[in-house]
Amino acid sequence: MRKYELTFIVRPDISDDAVNAAVEQVQNWITNEGNEVTRVDHWGRRRLAYPIRDQREGHYVKLDVSVKAESIAEIERNLKLNDAILRHLLVRLDEN
327 MRKYELTFIV
337 RPDISDDAVN
347 AAVEQVQNWI
357 TNEGNEVTRV
367 DHWGRRRLAY
377 PIRDQREGHY
387 VKLDVSVKAE
397 SIAEIERNLK
407 LNDAILRHLL
417 VRLDEN
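Just add 326 to the spot in the sequence shown (first one is 1) and you have my numbering.
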């Protein structure tokens with residue numbers, strides 16, 4: 327398994343409970359494939375650099391994860407299909 331950093335932005339017009347539910351859902355997608363989430367970091371509500379889907383703010387969340395290579399496509403597909411998530415970025419970290 328390789329280490330990745332997953333950062334995603336959740337819509338600002340949903341409640342804090344719904345934001346937490348979206349984060350738990352993403353964690354479940356990752357762990358259901360036999361992968362693990364090592365750290366969850368809520369950055370809070372922040373202003374976006376440019377509007378995304380007519381939204382000017384969003385809830386930023388960063389996850390440090392260890393993921394098998396064959397699970398990446400399914401995780402990214404689920405992130406794209408979730409309406410609560412505006413954007414995501416999955417970056418592979420160096421082995422060092």
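We put the CB at the ideal spot given by N, CA and C, even for glycine.
Checking the DSSP bridge columns, you'll see Y330 partnered with V391 and R418. One alpha carbon belongs to V417, the other to V349, and they sit about 18 Å apart. By the Cβ rule, the stretch 333–342 counts as touching the stretch 379–391, because three or more pairs are nearer than 8 Å. Residue pairing for Y386: DSSP places it in a beta bridge opposite I335 and G370.
Partner residues in the beta bridge of I378, as assigned by DSSP, are Q381.
Of the residues A375, W369, L389 and L374, the one whose Cα lies closest to the Cα of E362 is L389. Boundaries of the alpha helix (DSSP H) harbouring E350: D342 to N358, taken from the DSSP string.
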